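Worksheet: the structure to be examined is printed underneath.
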Amino acid sequence: MAESSADYAKQVAEELKAKGLRVNSDLRGEKIT
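Take the sequence shown: its position 6, counted from the start at 1, is 682 in my numbering, and no numbers get skipped.
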């Protein structure tokens, strides 16, 4: 995962948490096979 994508994912996760949702982000750099 590109660093910019990970940063965006973290931002979205924080916004969702602020709205009361449970969020679990998997930001590992592993390929999908």
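Quick reminder that beta carbons are idealized off the backbone N, C-alpha and C, glycines included.
None of the values given here were measured: they were computed from a predicted structure.
If residue i and residue j are in contact, beta carbons under 8 Å, what's the gap, nearest whole angstrom?
i      : j      : result
Ala685 : Leu703 : 6 Å
Val699 : Lys693 : 5 Å
Is the beta carbon of residue i sitting closer than 8 Å to the one on residue j?
i      : j      : result
Ser701 : Ala689 : yes
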